[in-house]
Each structure stands twice: as structure tokens, then as C-alpha cells.
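I have placed the structure first, in the form of C-alpha cells, so that the comments after it can refer back to it.
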Amino acid sequence: MTDSKMSFFEGRITIIPDVCNGQPTIRGKRITVQTILEFLGAGDSQEDILQQYPSLELEDLYACLKFAAYLMSHRYVLKITS
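Residue numbering for the sequence shown is 1168 to 1249, as defined by my numbering.
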């Protein structure tokens, strides 16, 4: 594992280049923020997700939502390519 590690929200969201190809994960586990957001977006309840991933805590789910909101607070420029 490399030394370049980023963390957000008191270490609940981590970005480690050698874990899940550098995608944001929950506390360094191989559970990505994207996976949790997809479950929530599909209508799964917090209880369903926590039952499926017993190593997670409710605060982890909130951190995923906060991280998504943090990313959306940035300005993005779309370019059309052909």
C-alpha cells in the first residue's frame, strides 16, 4: 500500500490508491461510497444496507451522503467532445 491516503469526515471516507482502484471507500474497507449511494438511490433503506454490510455504521451512510454533497459543491465545466 502506498503512503498517499486521503480521508474525509473524521476518517469515515478514505481514498487509498491501492484499495478499490483509488475510489472513495468507507474507512478503508472494500465498500465504495458509490455502492452505498447506488443502494440509497435505488430506494434501499438504511436498515437494509446496514443488514447487508454489518461492518458499517449509520454514521458511515451519512458520511457517504455528506461526501456526495461536498463533491457537488464544486464547480464543473462540461465539454462536448466528438
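Note that CB positions come from ideal geometry on N, CA and C, so glycine has one too.
When C-alpha distances from residue 1206 are compared across 1194, 1196, 1195, 1220, the shortest belongs to 1220. When the alpha-carbon of residue 1226 is set against those of 1173, 1172, 1180, 1171, the nearest one is in 1180. Straight through space, the alpha carbons of residue 1218 and residue 1237 are spaced by roughly 26 Å.
Per DSSP, reduced to three states, the secondary structure at residue 1206 is helical.
Judged by DSSP in its simplified three-state form, residue 1234 adopts helix.
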